[in-house]
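A.B. asks: Residue numbers (my numbering): 37 to 353.
The beta-carbon is built from N, C-alpha and C at its ideal position, and this holds for glycine as well.
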């Protein structure tokens, strides 16, 4: 890695269009996240719990920090969620990642945080799915049809023998766009009028309900098919807490991070472990075909760090 000083006016910005052209596969991103998770267990990578500020006006402001030894890179992500952006014809979520050389502290690059957030979230889910979902899973339900749903569709279609998606969202525009995306990949797409119709019978479920304004719980885990796998990128906020014991096994992204949060995402008594324990083999993701499993997460700095570091190395040749 080049550690020479970089002039401020030459600091590269890796845009989403540029990152798309790098054509990094889902498997490459998932493998890199798993490698860095294992490195964290070996003391080669360090992440701070994510910091959150909520000013009380429906904005959700978040930052993550991660430092790796191989490659020696430091990544910080700053993110703002603001539902009022829709009236400005702007994305609801906007973010930026800053990369520094972890040894010298010199700046390396700025990276489009929206692109990384979409890719790393789906890739983190895929890390869990590799171990917690049935390998033959062929149908997936989406509750919430925005950016995260599109990212998960892309990733899971690369890794599983998908044949069908079901889609349910608050509006029809995103739902129909997600269905069209699925059809362009040769998948059957079923737009659903209720969340229950989407979830019942699906092999996998992805919920990505917007966090602001805070959603009222409306999803019942008893709708889930035995043996299914569910990803809750929305901190499980849309799920009825009293139904969560329906899961045979639930993991979170980071137990240490959870201990630093004011309120746990799910009852700690239901949690079998976290993503690091799953990757490192501390426990099995699935012990029998009929087990109903779930992955709940807030967002993990190791994902931002791994994907941002990977794209920077690819861009640097």
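(1) Using 10 angstroms around the beta-carbon of residue 41, count the other beta-carbons present and answer buried if the total reaches 16, otherwise exposed.
(2) Taking C-alpha atoms, which residue in 237, 231, 241 and 139 lies nearest to residue 253?
(3) Assess, as a yes-or-no matter, whether the stretch 277–292 is touched by the stretch 313–330 under the definition of 3 or more beta carbon pairs within less than 8 Å.
(4) Given that a residue counts as buried once 16 or more other Cβ atoms are within 10 Å of its Cβ, and exposed if not, what is residue 270?
(5) Taking the alpha carbon of residue 97 as the point to measure from, which residue in 104, 103 and 87 has its own alpha carbon closest?
(6) Rounded to whole angstroms, what's the CA-CA distance from residue 321 to residue 93? Just pull it up for me.
(7) Please work out which residues of its chain come closer than 6 Å, Cβ to Cβ, to residue 229, disregarding the five sequence neighbours upstream and downstream, and give them in chain order.
(8) Would you list, in sequence order, the uninterrupted beta strand (DSSP E) runs of no fewer than 3 residues that lie entirely inside the stretch 65–124?
(9) Apart from the five residues just before and just after residue 150, which ones in its own chain have a Cβ nearer than 7 Å to its Cβ?
(10) How big is the Cα-Cα spacing for residue 291 and residue 309?
(11) Mind checking residue 244: buried by the 16 CB within 10 Å criterion, or exposed?
(12) If you follow the alpha helix (DSSP H) that residue 210 is part of, which residue opens it and which one closes it?
(13) Hey, residue 60 and residue 315: beta-carbon distance below 8 Å or not?
(14) Count the other CB atoms within 10 Å of the CB of residue 205; is the residue buried (16 or more) or exposed (fewer)?
(15) For residue 191, report the span of its alpha helix (DSSP H) as first-last.
(16) For residue 350 and residue 280, I'd like the C-alpha separation in whole angstroms.
(17) My assumption, with CB atoms under 8 Å, is that residue 340 sits in contact with residue 111. Please give the rounded CB distance.
(18) Going by beta-carbon coordinates alone, are residue 267 and residue 242 separated by less than 8 Å?
(19) To which residues of the same chain is residue 385 closer than 6 Å at the C-beta, ignoring the five residues directly before and after it?
(20) Please name the residue, chosen from 246, 261, 80 and 85, that lies closest to residue 170 on a Cα-to-Cα basis.
(21) Can the beta-carbon of residue 147 be found closer than 8 Å to that of residue 347?
(22) Only counting the same chain, and skipping five residues up and downstream in sequence, which positions put a Cβ closer than 6 Å to that of residue 168?
(23) So is the beta-carbon of residue 290 under 7 Å away from any non-hydrogen atom of the ligand NAP?
(24) Residue 130 by DSSP, collapsed to three states: which one?
(25) In chain order, which alpha helix (DSSP H) runs of at least 4 residues are fully inside the stretch 243–280?
(26) Please state whether DSSP places residue 350 in a helix, a strand or coil.
(27) Work out the CA separation of residue 78 and residue 39 for me, nearest whole Å.
(28) Measuring CA to CA, which of 274, 200 and 250 is closest to residue 256?
(29) Taking Cβ positions, are residue 1 and residue 160 nearer each other than 8 Å?
(30) Measuring CA to CA, which of 141, 81 and 184 is closest to residue 356?
(31) Quick check: the Cα distance between residue 84 and residue 318, rounded to an integer number of angstroms?
(32) Does residue 142 pass the burial test, meaning 16 or more other C-beta atoms within 10 Å, or should it be called exposed?
C.D. replies: On the basis of the coordinates in this document:
(1) In this predicted model, residue 41 has a pLDDT of only 46, less than 50, meaning its place in the structure is not dependable enough to derive any value.
(2) Of all alpha-carbon atoms in 237, 231, 241 and 139, the one lying nearest the alpha-carbon of residue 253 is that of 231.
(3) Taking a contact to require three or more Cβ pairs closer than 8 Å, the stretch 313–330 and the stretch 277–292 qualify as touching.
(4) By the neighbour-count rule (16 or more Cβ atoms within 10 Å), residue 270 is buried.
(5) When C-alpha distances from residue 97 are compared across 104, 103 and 87, the shortest belongs to 87.
(6) Each residue's alpha carbon lies about 39 Å from the other.
(7) Excluding sequence neighbours, residue 229 sits near nothing in its chain.
(8) Counting only runs that start and end inside the stretch 65–124, the beta strand (DSSP E) elements of at least 3 residues fall at 81–89, 96–105 and 108–117.
(9) Shown here for residue 150: same chain residues with a beta carbon closer than 7 Å to its own, the five before and five after excluded, namely 52, 127, 129, 130 and 131 in chain order.
(10) Rounded to the nearest whole angstrom, the CA to CA distance from residue 291 to residue 309 is 7 Å.
(11) Flag for residue 244 reads buried.
(12) Segment 208–220, the alpha helix (DSSP H) holding residue 210.
(13) No, these two residues do not count as a Cβ contact at 8 Å.
(14) Classification for residue 205: buried.
(15) Note, residue 191: alpha helix (DSSP H), 183–195.
(16) Distance from the CA of residue 350 to the CA of residue 280, rounded to the nearest whole angstrom, comes to 41 Å.
(17) Confirmed, Cβ separation roughly 6 Å.
(18) Against a cut-off of 8 Å, the Cβ pair of residue 242 and residue 267 comes out as a contact.
(19) A question about residue 385 goes unanswered here, because the residues of the chain that appear run from 37 up to 353.
(20) Nearest neighbour of residue 170 by Cα position, chosen from 246, 261, 80 and 85, turns out to be 261.
(21) With contacts defined by Cβ atoms closer than 8 Å, residue 147 and residue 347 form a contacting pair.
(22) Closer than 6 Å at the Cβ level, and outside the excluded window around residue 168, lie 265, 321, 322 and 329.
(23) This structure simply doesn't include the ligand NAP, nor any ligand for that matter.
(24) Correct three-state label for residue 130: strand.
(25) Here no run is fully enclosed.
(26) Residue 350 falls in the helix class under three-state DSSP.
(27) Here residue 39 scores only 43 on pLDDT, less than 50, and its place in the model should not be relied on; the value that follows carries that caveat. About 25 Å.
(28) Checking every option, the nearest Cα to that of residue 256 belongs to 274.
(29) In the structure as shown, the chain begins at 37 and stops at 353. Residue 1 is therefore absent and cannot be evaluated.
(30) No answer is possible for residue 356: the residues shown for the chain start at 37 and end at 353.
(31) Their Cα atoms are separated by approximately 22 Å.
(32) Counting Cβ neighbours within 10 Å, residue 142 comes out exposed, since fewer than 16 surround it.
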